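Residue numbers (UniProt numbering): 1 to 227.
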Amino acid sequence: MPTVTWARLDGERRAAVIAAAEAEFAAHGFSGGSLNVIARRAGVAKGSLFQYFADKRDLYAFITDVASQRVRRYMEDRIRDLDASRPFFEFLADLLDAWVAYFADHPRERKLHAAANFELETDARVSVRAVVHRHYLDVLRPLIQDARARGDLRPDADVETLLSLLLMILPHLALAPYVRGLDPILGLDELSPEQPALAVRRYVAVLAAAFQPIPVAPKYSTQEAAP
């Protein structure tokens, strides 16, 4: 994370470094991203970057965190708009629709999300995935805990498995419409406006079947059943 020197830097210079680093990492990921290019575009010396961050990986993790915070703020606003107290799986379908729409409308965040997911360098991937997962879980875990407390999930539901499945589904929905070959089953790369919504509902139907309470058939006494 940033050094004290970064904290003392004026806002305009910080914004220039962030913009340059976002553009470079979005285009080339960690492995292909160039600190020389970032420094040149930001109007700073390359050596200055090492006064602001411990190393390239530290800068990459910070940029991922900045982008993740933007996504998180948007999704938290949508959660308030969508009313998370509704039946959980109905709410989840609408929330996933909002998630898909965000990445459709924000190509830079989409590219940074792709870079974080597809990075080949192990240490860099672990660093940025830890950042992304923290934001995911900070938002999702309370929603799932509240759903369980309301009775929208089975009492014996494995909420950690539900969280794990959502951690796989979310990046897939964000990226598959734009990365050919990532989804060979649900047609997410067909780029038709209705296809992501159909995929969302298929995912949610499977999750609901696995985790929502099983309806109990009403019991009838022998007298009630007699003609």
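Note that beta-carbon positions come from the ideal geometry of N, C-alpha and C, so glycine has one too.
Given the structure is predicted, the values throughout are model-derived calculations rather than measurements.
Buried or exposed by the 16-neighbour rule on C-beta atoms within 10 Å, applied to A114: buried
Which runs of the alpha helix (DSSP H), 4 residues or longer, sit entirely within the region 86 to 157? 88 to 105, 107 to 118, 122 to 150
Taking Cβ positions, are A21 and I38 nearer each other than 7 Å? yes
Assign R150 to one of two classes, buried (16 or more other C-beta atoms within 10 Å of its C-beta) or exposed (fewer than that). exposed
Which two residues bound the contiguous alpha helix (DSSP H) that contains M75? Counting along the chain, the alpha helix (DSSP H) containing M75 begins and ends at 56 to 82.
Ignore the nearest five residues each way along the sequence and tell me which others in A42's own chain have a CB closer than 7 Å to its CB. A16, V17, A20
Does the distance from the C-beta atom of P171 to that of N117 stay below 7 Å? Contact flag set, yes.
What residue from E109, V4, I63, D94 has the CA that sits closest to F30's CA? I63
Measure the C-alpha to C-alpha separation of L59 and Y178 and round it to an integer number of angstroms. 26 Å
If you draw a straight line from the C-alpha of residue 228 to the C-alpha of R86, how long is it? What is shown of the chain runs 1 to 227, which leaves residue 228 out entirely.
Bounding residues of the alpha helix (DSSP H) (the contiguous stretch that carries R5): Checking the sequence, you will find Thr at residue 5 rather than Arg. Here the alpha helix (DSSP H) through T5 covers 4 to 8.
Cα separation between A67 and L112? 8 Å
Please state the DSSP three-state secondary structure of D189. helix
Three Cβ pairs or more, each shorter than 8 Å: is that satisfied between the region 119 to 134 and the region 183 to 194? no
Compute the distance between the beta-carbons of E104 and R201, then report whether it is under 7 Å. The residue asked about is misnamed: residue 104 is Ala in this sequence, not Glu. Not a contact, by the Cβ cut-off of 7 Å.
Mind checking which residues open and close the alpha helix (DSSP H) that includes A45? From DSSP, A45 is part of no alpha helix (DSSP H); its letter is neither H nor E.
What does a CB cutoff of less than 7 Å around F211 pick up in its chain, not counting 5 residues either side in sequence? L153, R154, A157, L162
Among S192, L207, G11, which one has its Cα closest to the Cα of L167? L207
With a threshold of 16 other CB atoms inside 10 Å of the CB of G11, please say whether the residue is buried or exposed. exposed
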